[in-house]
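Letter by letter, the sequence shown follows residues 338 to 635 in the numbering used here.
What follows is one structure encoded as structure tokens, with my remarks underneath.
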Amino acid sequence: RSVLHYLSFIETTGRKKPKTIVQERSVLRGWVRHLGGTRLSQITRRHINDYVLQRKMAGVGNRTANYDVLALSNCLKFAKDEGCFSGTLPTEGYKRLKYVAPKRPLFTKEQLEHLCKAATQKKVDGTPKYRNGELLADAIRFMRTTGARVSSAMATRWSDVDWQQRQVHLRNTKYDKNVVVDFSEELEAVLKEMFARRLPNSDCLFPAESGEAGNIGSLRATFENVREEAGLPDLRFHDTRHHFISECVMSGVDLLQISRWVGHSDCNLISKVYAHLSNEHAQRAAKKVTFGNGGGAP
338 RSVLHYLSFI ETTGRKKPKT IVQERSVLRG WVRHLGGTRL SQITRRHIND
388 YVLQRKMAGV GNRTANYDVL ALSNCLKFAK DEGCFSGTLP TEGYKRLKYV
438 APKRPLFTKE QLEHLCKAAT QKKVDGTPKY RNGELLADAI RFMRTTGARV
488 SSAMATRWSD VDWQQRQVHL RNTKYDKNVV VDFSEELEAV LKEMFARRLP
538 NSDCLFPAES GEAGNIGSLR ATFENVREEA GLPDLRFHDT RHHFISECVM
588 SGVDLLQISR WVGHSDCNLI SKVYAHLSNE HAQRAAKKVT FGNGGGAP
């Protein structure tokens with residue numbers, strides 16, 4: 338009953354996105370089966386460890402097992418805030434299982450531009466090879482120069498672009514954060530080129546097909562076809578965000594400013610997860626180290 342109340346609350350109040358609610362509902366269903374009739378106030382660390390062990394024996398990874406415990410913790414915190422029980426939560430101090438996220442490749446500007454060219458190919462008769470190819474190319478360039486997630490990019494409108502202040506305000510951001518990205522020269526060029534081709538009666542950067550209102554729903558099908566043709570089958574939309582952050586780091590932008598542009602509150606997350614620096618950049622940095630020689634001849 339407490340689990341159902343928790344799920345109903347976060348769904349009704351919109352505190353979490355639908356995808357997250359679906360995930361937590363599935364995870365908590367597993368906890369309910371494991372705990373049976375155990376009261377929330379009677380859940381112990383032993384219950385948690387037993388379930389994690391059970392999940393590991395079933396073949397789930399450490400990341401999934403950690404998320405299982407996190408979902409339970411969220412539900413228990415909610416119940417405690419409502420006064421259902423007091424005391425220390427059994428999940429407090431829980432040591433998460435070790436998980437190292439696999440490093441993603443750093444896709445270059447040239448590779449992403451190659452994808453854009455593939456997306457905007459023409460047939461022999463001069464018609465587009467991909468119906469939404471131009472929109473996809475625009476989206477890739479926009480995300481590459483703003484660091485926006487694809488859901489946020491797709492929701493952007495021309496009214497969100499402040500030409501005078503040289504900024505773009507992103508919509509539909511994670512945790513509904515107020516994210517503002519300042520123009521770089523490339524971002525400004527991308528926006529101006531898109532603005533010159535905009536539909537006169539639409540405020541959307543990525544409008545739906547002619548005759549329909551609002552932004553286009555998804556470019557995923559076109560993206561999956563184009564990336565195969567471009568020889569980039571492992572490319573994800575999120576890799577454009579990695580590209581943006583890595584380029585900012587390699588350009589010497591401080592981590593605090595990068596965090597603001599991409600909506601992160603933790604600078605360490607930028608340095609640990611996103612800043613995949615190229616070998617060329619590392620070699621350039623090494624040449625700057627003088628060990629007190631002042632750069633002069635030895």
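Even glycine gets a Cβ: it sits at the ideal position worked out from N, Cα and C.
Values in this document were obtained by computation on a predicted structure and should not be read as measured data.
Practice prompt. Buried or exposed for Phe-444, please, with buried defined as at least 16 other CB atoms from any protein chain shown within 10 angstroms of its CB.
Written response: buried
Worksheet entry | Pairwise C-alpha distance: Lys-625 and Asn-552 | 47 Å
Practice prompt. Pick helix, strand or coil for Cys-412, following the three-state DSSP scheme.
Written response: helix
Fill in: Length-filtered (4 minimum) alpha helix (DSSP H) runs lying within the segment 467 to 539
470 to 483, 487 to 492, 522 to 533
Worksheet item: How big is the Cα-Cα spacing for Lys-446 and Cys-412?
Response: 43 Å
Discussion item. Can you tell me whether Asn-469 is buried or exposed? The criterion is at least 16 other CB atoms within 10 Å of its CB, across all chains shown.
Written reply: buried
Practice prompt. Excluding the 5 residues preceding and the 5 following Ala-492 in the sequence, name in chain order all residues of the same chain whose CB lies nearer than 7 Å to its CB.
Written response: Arg-508, Asn-509, Asn-552
Worksheet item: Quick one, which of Arg-400, Pro-442, Lys-511, Phe-628 has its alpha-carbon nearest Ala-490's?
Response: Lys-511
Item to complete: Taking only the alpha-carbon atoms, compute the straight-line gap between Phe-560 and Cys-604 and give it to the nearest angstrom.
Response: 31 Å
Discussion item. Quick check on Pro-465: buried or exposed, where buried means 16 or more other Cβ atoms within 10 Å of its Cβ?
Written reply: exposed
Worksheet item: DSSP state of Pro-355, grouped into three classes?
Response: helix
Fill in: Extent of the continuous alpha helix (DSSP H) to which Arg-578 belongs
576 to 587
Item to complete: Measuring alpha carbon to alpha carbon, tell me which of Thr-349, Lys-353, Ile-582 ends up nearest Asp-513.
Response: Lys-353
Worksheet item: Buried or exposed: which applies to Phe-520, given that a residue is buried once 16 or more other Cβ atoms fall within 10 Å of its Cβ?
Response: buried
Fill in: Contacting residues, own chain, Cβ-Cβ under 6 Å from Tyr-436 (five flanking each side not counted)
Asn-399, Arg-400
Fill in: Three-state secondary structure (DSSP) of Lys-459
strand
Worksheet item: In terms of alpha-carbon separation, which member of Glu-429, Phe-574, Gln-504, Arg-564 lies closest to Ser-488?
Response: Phe-574
Worksheet item: Taking buried to mean at least 16 other C-beta atoms within 10 Å of its own C-beta, is Ala-558 buried or exposed?
Response: exposed
Fill in: Unbroken stretches of the alpha helix (DSSP H), 4 residues or longer, contained in the segment 548 to 575
557 to 566
Worksheet item: With a Cβ-Cβ cutoff of 9 Å, do Val-527 and Val-517 count as a contact?
Response: no
Worksheet entry | Closest by C-alpha distance to Ile-582, when choosing among Arg-362, Arg-481, Val-498 | Arg-481
Fill in: Residues that Cys-541 bridges to, as DSSP identifies them
Arg-494
Worksheet entry | For Leu-593, the first and last residue of its enclosing alpha helix (DSSP H) | 592 to 599
Worksheet item: Under the rule that 16 or more other beta-carbon atoms within 10 Å means buried, what is Thr-425, buried or exposed?
Response: exposed
Worksheet item: Taking the continuous alpha helix (DSSP H) assigned at Gln-391, which residues delimit it?
Response: 382 to 394
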